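Novice:
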Amino acid sequence: MDVQPGHCWRCEKILPQRTVPCSRCPMAVYCCTQCRDRDSIRHSAVECEMFGEKKCSACGKLGKTLVCSACNSAWYCNADCQRRHFPAHKKTCREILASIKQISSNLPRLKRLGYGDFPEYFGNTMAIDFLQLDNNEWYGKSVEEKQLDRDYHVLSVGCGDLRNTIMTVASLPTEYKGKLHVTHNDLDPFMMARNVLFLFMLVHFADTDEIASSLTTIWYSLHISKRDYDLVKTSLDELIQMSAQQLHDATKGLASVLDEELGYLRQVWKGWQSLECRRDNRAAINLRQQRKNMFEKSDRMMKDDRLDYIKCLNANDRKQMEKWFEHGLFLPCEANQRDIPFDNPTLTATEASKFTAPFGSPQFQASVFLQEDDLFVYRYLMSPKRMPFTVWDCLRVKEHTSGSHSSWMVMYHKYVTNLLQKFKSFIHQGRLLIRVSLTSCLDFPRHHQSLQMPNYDRIFTSNLADFVAFAKLLQIFKPLLNSSNSYSVIVTEIMGFYNNVPEVYPWKLPEPQFHKLRRDSIRDLQTTKAAKQMLFDYHNTTSHFLRYLRAEIMAGGFDIPALQDVPSFDSVKKCQGMRMRDFRKELNKFVPFRYRLNVRSLTSPTPGCRAVEWLLPKE
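This is the structure in structure tokens:
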């Protein structure tokens, strides 16, 4: 569940002294009976089934039960009920085990080749707070016990952009006085070059009026003003000349990078510097046309997803988002696209960015592997499904952005700018230190050891589990956890759950079940029809996700041998000597196991996102 502790599960307001609990499960708490009743359709279909008492598959009695350890899909009062039901259950149980083997042999990661997608300049998941101290180290503790000046160390693997680090800093309790050390690890030099550029600008232009607002625009807007373009151009001119030590000094210790890796970033900066960005120049890169071509050439599925997204919005939001898809601007106030004179060079990359040279180093120039010159031309390569609105939770944007606004663009711009103001202030205090690493995630532990870096209180692995085996991620990152902190955690996420188990898509369910989902969504949302995207909130896929996890561990890969037999879920929970936080019995503390979609239709989280948190074993 994605509601903050101490808040109503429906309206998300802070809970009053007298609360209204769910009558079926021990988790959901509401501020009033109206909220409980309004949430009953969705909640009873998902979390109640996960956390509530189960019916015995043999006698039908509701109460405390034991789950069938073979299939995790049948529950029994006791061993006698299980024995009596086994003749009837045996066929289903064996079919589930067979399906796990089938999933294991067909995992997309076993067949995927290449580096991945183009640079995720906007990101692909909602921003999160890495620390969440009030729910972890500080939970239930007095001020004296909180260690207000303690430093924290975070590793973000496959880090993408800066949004999670910014969200973490902006979310720190005001009484916290320590330093935050963050290691950003990502093989994508374009992404990392952009991050370092932004960090440099925040320090170098700290005294410049509206630098936070300018940086928000540069981060997300297709076109930028002359003033903002000059900030970018000046920064690129200076960064290209710097050594790693000079960069460290110029950012007052904020950004650290090795000289050999800085060379990759320098090539990106030179590429951006070389672009003609004046839109009235006939030789300009013309990002508007490039973006239009990208949309038009996207495949049928991508176009359908965009239409489904628009369908889920109310009439006013739909009109605004159709305008945004047309202009691609991200500005502090409304403006005509024609009046913004410069293309944004930092939204470009080369098609070769999808590939890597031997040994995992970034591919920048033609080789025996890549000889087409066209692969090295800087152009707009953003995926059509990426938007600024999908990486900042619209619920939090509305909650924290006061006043009236002419559009979501203006409201979001103000929200991100406010976060950047807090981020800049924290940097100015010298309390943030960021190490940039372009090493392959599989090779990072060696890099970590050679540089004698400290161990981490948090390790976030983005959605690398879509590409790299869970067991491998746990194997290589477990030794890097701070074993002296009982709250140390490795967070693994996937975005492709439905791609891995496609039969669980709502529209692939048996007809009676599918029609029930439609009826539930129409009743709950009080609409006359339900778009496909609206159905996910009413479908409990937990048992299928357990099958996926067992299949994932069974498949092995990356020097971890595949298993001959289907592993039990109990063994999965102890993978590589870690301890999985069981999302069937308790809520995740860092990233929700799954997000509600319909309450945040503008943000529209990917339905297949699931998060699993792994802790060190209890001593």
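Per UniProt numbering, the sequence shown starts with residue 1, numbered consecutively. Backbone N, C-alpha and C define an ideal beta-carbon position, used for all residues, glycine too. None of the values given here were measured: they were computed from a predicted structure.
Sorted by chain position, which residues of the same chain lie with C-beta nearer than 6 angstroms to phenylalanine 190's C-beta, five sequence neighbours on each side aside?
Specialist: Pro119, Val268, Ala349 and Ser353
Novice: Going by DSSP, what residues sit across from proline 21 in a beta bridge?
Specialist: Val29
Novice: Does serine 69 pass the burial test, meaning 16 or more other C-beta atoms within 10 Å, or should it be called exposed?
Specialist: For serine 69, the number of other beta carbons within 10 angstroms of its own is below 16, and it is reported as exposed.
Novice: State the DSSP-derived secondary structure class of tryptophan 269, mapped to helix, strand or coil.
Specialist: helix
Novice: The alpha helix (DSSP H) spanning tyrosine 498 covers which residue range?
Specialist: 497-500
Novice: Measuring only the C-alpha atoms, how far is lysine 319 from alanine 255?
Specialist: 41 angstroms
Novice: Where are the alpha helix (DSSP H) runs, 4 residues long or more, that stay fully inside the region 287-331, in chain order?
Specialist: 287-297, 300-311 and 315-327
Novice: According to DSSP, is glutamine 363 helix, strand or coil?
Specialist: Confidence in glutamine 363 is poor, its pLDDT being 45 and thus under 50, which makes the residue's placement too unreliable to answer from.
Novice: Write down every uninterrupted run of the alpha helix (DSSP H) in the region 404-475 whose length is 4 residues or greater and which is fully enclosed by it, in chain order.
Specialist: 408-428 and 444-450
Novice: Whole angstroms is fine: what's the gap from aspartate 457's alpha carbon to histidine 153's?
Specialist: Spanning the two alpha carbons is a distance of roughly 5 angstroms.
Novice: Per DSSP, asparagine 336 forms a beta bridge with which residues?
Specialist: Asparagine 336 is not bridged to any residue.
Novice: Using the three-state DSSP reduction, which class does glycine 577 fall into: helix, strand or coil?
Specialist: In the three-state scheme derived from DSSP, where H, G and I count as helix and E and B as strand, glycine 577 is classed as helix.
Novice: Would the region 438-447 and the region 172-189 be scored as touching if the rule is three or more Cβ pairs under 8 angstroms?
Specialist: yes
Novice: Taking the continuous alpha helix (DSSP H) assigned at serine 142, which residues delimit it?
Specialist: Neither: serine 142 is in no alpha helix (DSSP H) and is coded neither H nor E.
Novice: Measuring only the C-alpha atoms, how far is threonine 390 from serine 298?
Specialist: 19 angstroms
Novice: By DSSP, does isoleucine 128 sit in helix, in strand, or in coil?
Specialist: When secondary structure is reduced to three states using DSSP, isoleucine 128 falls in the coil class, being assigned neither helix nor strand.
Novice: Taking all protein chains shown into account, do 16 or more other C-beta atoms lie within 10 angstroms of the C-beta of asparagine 124, making it buried, or fewer, making it exposed?
Specialist: buried
Novice: DSSP on leucine 62, reduced to helix/strand/coil?
Specialist: strand
Novice: Between the alpha carbons of phenylalanine 514 and aspartate 520, how many angstroms are there, rounded?
Specialist: Near 10 angstroms, if we compare the C-alpha coordinates of aspartate 520 and phenylalanine 514.
Novice: Which residues bound the alpha helix (DSSP H) around asparagine 490?
Specialist: Correcting the residue type first, residue 490 is isoleucine in the shown sequence and not asparagine. Segment 489-494 is the beta strand (DSSP E) holding isoleucine 490; no alpha helix (DSSP H) there.
Novice: For glutamate 619, name the three-state secondary structure that DSSP assigns.
Specialist: coil
Novice: DSSP three-state call for glutamate 613: helix, strand or coil?
Specialist: strand
Novice: Is the beta carbon of proline 384 closer than 8 angstroms to that of methionine 294?
Specialist: yes
Novice: Who are the near neighbours of alanine 58 in its chain, counting only those whose CB is closer than 8 angstroms to its CB and skipping five residues on each side?
Specialist: Taken in chain order, the residues that qualify are Tyr76, Cys77, Cys81, Gln82, Arg84 and His85.
Novice: Report the rounded CA-to-CA distance for arginine 227 versus asparagine 418, giving the unit in angstroms.
Specialist: 20 angstroms
Novice: Going residue by residue through the region 162-217, where are the continuous alpha helix (DSSP H) segments of at least 4 residues, counting only ones entirely within it?
Specialist: Whole alpha helix (DSSP H) segments, 4+ residues: 163-171 and 189-204.
Novice: In terms of DSSP beta bridges, what is threonine 348 paired with?
Specialist: Answer is Tyr380, bridged to threonine 348.
Novice: Go ahead and label glutamate 326 buried or exposed: buried means 16 or more other beta carbons lie within 10 angstroms of its beta carbon, across all protein chains shown.
Specialist: It is exposed - the Cβ of glutamate 326 has fewer than 16 other Cβ atoms within 10 Å.
Novice: With a cut-off of 8 angstroms, do at least 3 Cβ pairs link the region 388-402 to the region 137-154?
Specialist: no
Novice: Using a Cβ-Cβ distance cut-off of 8 angstroms, determine whether lysine 270 contacts chain B.
Specialist: Structure shown: chain B not included; a single protein chain is present.
Novice: Excluding the 5 residues flanking asparagine 485 on each side, which residues of the same chain have their C-beta closer than 8 angstroms to its C-beta?
Specialist: Glu137 and Asp457
Novice: Taking the alpha carbon of serine 425 as the point to measure from, which residue in Arg36, Leu172 and Cys32 has its own alpha carbon closest?
Specialist: Nearest of Arg36, Leu172 and Cys32 to serine 425, Cα basis: Leu172.
Novice: Are tyrosine 498 and proline 605 touching if we call contact CB-CB under 8 angstroms?
Specialist: no
Novice: Provide the residue(s) that pair with glutamine 55 in DSSP beta bridges, ordered along the chain.
Specialist: The residue you asked about is not glutamine; residue 55 is lysine in the sequence shown. Looking at the DSSP assignment, lysine 55 forms a beta bridge with Leu62.
Novice: Using a Cβ distance threshold of 8 angstroms, determine whether the region 301-318 contacts the region 194-204, with at least three qualifying pairs required.
Specialist: no
Novice: Buried or exposed for leucine 597, please, with buried defined as at least 16 other CB atoms from any protein chain shown within 10 angstroms of its CB.
Specialist: buried
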